[in-house]
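Peer 1: Dropping a structure here in structure tokens format, bear with me for questions.
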Ligand SMILES: [Zn+2]
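Numbering (the working numbering), first residue to last: -18 to 459.
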């Protein structure tokens, strides 16, 4: 039994809590203190009891507030009037830690019941500090979401001293709620892309709104079936598939089939990133094959220079630029392949579609001529490349109609590696939560991207105390 009406943390501290939770006149702090509690947990069938020191603050609603809540409250089920049901509903919410110790807000809430005989539903009085994810306060929830953004689940669990399972539940629930409230009615251009999760054998498909640059939906797998799941989800978000004019994707058959079946009126655009990546993969394949067969002089060009062939000249380091200038690309096959990739990139520099089309055709003819006298390690991958370019030419050239920016997906690819590190060891659901949190542009009622430090500066009402400052904020202050 915990001690009642003991103001162990002192009046100044209680005043801070009152201010932070914005309690006003009608909630009363009736006790506070520090106590040791036992927590039971079960892991792999073994029950464990851990003792934990917890600071707490007990809050009570005034009688006036209770009466007002009965008068103004409506049944969450049928909207009918409510009556007081004396039973006490004891609740606790995890709030911002105090000196590294967990801090709980505790309150006994009045129970209410619907007056309607048909409904009769029970509910409790609403606590103003409660986050939509229930067991946490709003202030704690804000800190948790920002911390997970910054350090991932395991990092946040460690820094905030919250059990990993509660953290997953809180973030998962909160992201789910915010995601469910998303409106997709204005989406006109959809991008879809696959990403490997886990150890690389499992894939997720990420559907995004390219215009507003936000992730809409993450589906397991990368087959054409994912489009069906996307449409099903869309029903909850006022999505109008007929409004979709463009779908941007890679050149794999799965997504093409999915788009044709589910968005018959949309134009398929193969995004630039994937077209160039396909060529780049062939360059690397040829470079590897040639490394094993070439003369010592050519091997000198190839060995240790992998990134020279895969990067854009402008992005080379100073050291790489010097090495690059010494290589005669026309003198060996991997060099030729590199030139082909660069030529394909230059097609995208043409402002109009007709000229781009004739450049693409000329490029295909040139590569085919080269293939005639080339060894198999060059001609086989290159013939496959020209075959794909020819077959997919319409979708490649739709780039010029759509003027869709690829920057979003390119950016996603590099940014995703950051999420991926945070998602290591996570299930599909955990990975999806992180993707929505980072890229869903979800509305949580506060600016998720503002650092904790800057939100402190912006909020004179001090919702967050300095004791919750995160690593990055600490760095900024330092
Ligand atoms: Zn009711």
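Cβ coordinates follow ideal geometry from the N, Cα and C atoms, glycine included. It should be emphasised that the depicted structure is a prediction, and the values quoted were computed from it without experimental measurement.
Ignoring anything shorter than 4 residues or poking outside the region 204 to 291, list the alpha helix (DSSP H) runs there in chain order.
Peer 2: Counting only runs of 4+ residues, the alpha helix (DSSP H) found wholly inside the region 204 to 291 occupies 206 to 215, 234 to 243, 253 to 272, 277 to 283, 287 to 291, in chain order.
Peer 1: Could you check the C-alpha separation between residue 156 and residue 431 for me, to the nearest Å?
Peer 2: 17 Å
Peer 1: Please report the Cβ distance between residue 165 and residue 116, rounded to the nearest whole angstrom; I am assuming they are in contact, meaning their Cβ atoms lie under 8 Å.
Peer 2: That pair is no contact at about 30 Å.
Peer 1: State the DSSP-derived secondary structure class of residue 115, mapped to helix, strand or coil.
Peer 2: coil
Peer 1: Given that a residue counts as buried once 16 or more other Cβ atoms are within 10 Å of its Cβ, and exposed if not, what is residue 107?
Peer 2: exposed
Peer 1: State the Cα-Cα distance for the pair residue 281 and residue 26, rounded to the nearest angstrom.
Peer 2: 60 Å
Peer 1: Count the other CB atoms, across all protein chains shown, that sit within 10 Å of the CB of residue 22; report buried if there are 16 or more and exposed otherwise.
Peer 2: exposed
Peer 1: Roughly how many whole angstroms lie between the Cα atoms of residue -6 and residue 80?
Peer 2: Separation of residue -6 and residue 80 (C-alpha to C-alpha, rounded to the nearest whole angstrom) is 13 Å.
Peer 1: Taking 7 Å as the limit between beta carbons, can you name the residues of its chain near residue 211, skipping five residues before and five after?
Peer 2: 188, 198, 200
Peer 1: Sorry if obvious, but does the Cβ on residue 58 come closer than 6 Å to a heavy atom of ligand 1?
Peer 2: yes
Peer 1: Could you pull the start and end residues of the alpha helix (DSSP H) that residue 363 belongs to?
Peer 2: 357 to 372
Peer 1: Please state whether DSSP places residue 446 in a helix, a strand or coil.
Peer 2: Note that residue 446 scores a pLDDT of 31, beneath 50, so its modelled location is shaky; the value from the coordinates is reported in the next line. Residue 446 falls in the coil class under three-state DSSP.
Peer 1: Can you grab the Cα-Cα spacing for the pair residue 466 / residue 42, in whole Å?
Peer 2: With the chain running from -18 to 459 in the structure shown, residue 466 is simply not present.
Peer 1: Provide the residue(s) that pair with residue 110 in DSSP beta bridges, ordered along the chain.
Peer 2: Bridge partners of residue 110: none, in fact.
Peer 1: What runs of the alpha helix (DSSP H), each 4 residues or longer, lie entirely inside the region 144 to 180?
Peer 2: 145 to 161
Peer 1: Between which two residues does the beta strand (DSSP E) harbouring residue 383 extend?
Peer 2: Per DSSP, residue 383 belongs to no beta strand (DSSP E); it is in the alpha helix (DSSP H), 380 to 383.
Peer 1: By the DSSP assignment, the beta strand (DSSP E) with residue 14 in it spans what residues?
Peer 2: 8 to 24
Peer 1: Just the C-alpha distance for residue 62 and residue 52, rounded to the nearest angstrom, thanks.
Peer 2: 8 Å
Peer 1: Could you check the C-alpha separation between residue 1 and residue -8 for me, to the nearest Å?
Peer 2: 14 Å
Peer 1: Assign residue 327 to one of two classes, buried (16 or more other C-beta atoms within 10 Å of its C-beta) or exposed (fewer than that).
Peer 2: exposed
Peer 1: Ends of the beta strand (DSSP E) at residue 87?
Peer 2: 82 to 95
Peer 1: Just to confirm the assignment, what range does the alpha helix (DSSP H) spanning residue 422 have?
Peer 2: Unbroken run through residue 422: none, as it is neither H nor E.
Peer 1: In the DSSP assignment, find the unbroken alpha helix (DSSP H) run with residue 0 in it and report its ends.
Peer 2: -8 to 1
Peer 1: In whole angstroms, what separates the C-alpha of residue 252 from that of residue 172?
Peer 2: Going from the Cα of residue 252 to the Cα of residue 172 covers about 9 Å.
Peer 1: For the beta strand (DSSP E) holding residue 44, just list the boundary residues, first then last.
Peer 2: Counting along the chain, residue 44 falls outside any beta strand (DSSP E), though it belongs to the alpha helix (DSSP H) covering 44 to 53.
Peer 1: Consider the C-beta atom of residue 104 and the heavy atoms of ligand 1; say whether any pair is separated by less than 6 Å.
Peer 2: No, ligand 1 has no heavy atom inside 6 Å of this Cβ.
Peer 1: Quick check on residue 104: buried or exposed, where buried means 16 or more other Cβ atoms within 10 Å of its Cβ?
Peer 2: buried
Peer 1: I need the straight-line Cα distance from residue 130 to residue 418, nearest angstrom please.
Peer 2: 7 Å
Peer 1: Helix or strand or just coil, what does DSSP make of residue 308?
Peer 2: In the structure shown, residue 308 falls within a coil segment according to DSSP collapsed to helix, strand and coil.
Peer 1: Does ligand 1 have a heavy atom nearer than 6 Å to the CB of residue 38?
Peer 2: no
Peer 1: Does the separation of the CB atoms of residue 373 and residue 232 fall below 7 Å?
Peer 2: yes
Peer 1: Spatial neighbours of residue 427 within its chain, please: C-beta separation below 6 Å, excluding the five flanking residues on both sides.
Peer 2: 123
Peer 1: Mind the definition here: the region 296 to 313 touches the region 343 to 362 only if three or more C-beta pairs lie below 8 Å; say whether that holds.
Peer 2: no
Peer 1: Taking C-alpha atoms, which residue in 223, 241, 184, 226 lies nearest to residue 208?
Peer 2: 241
Peer 1: Would you call the CB atoms of residue 148 and residue 161 closer than 7 Å?
Peer 2: no
Peer 1: Could you check what DSSP says for residue 188 in three-state terms: helix, strand or coil?
Peer 2: strand
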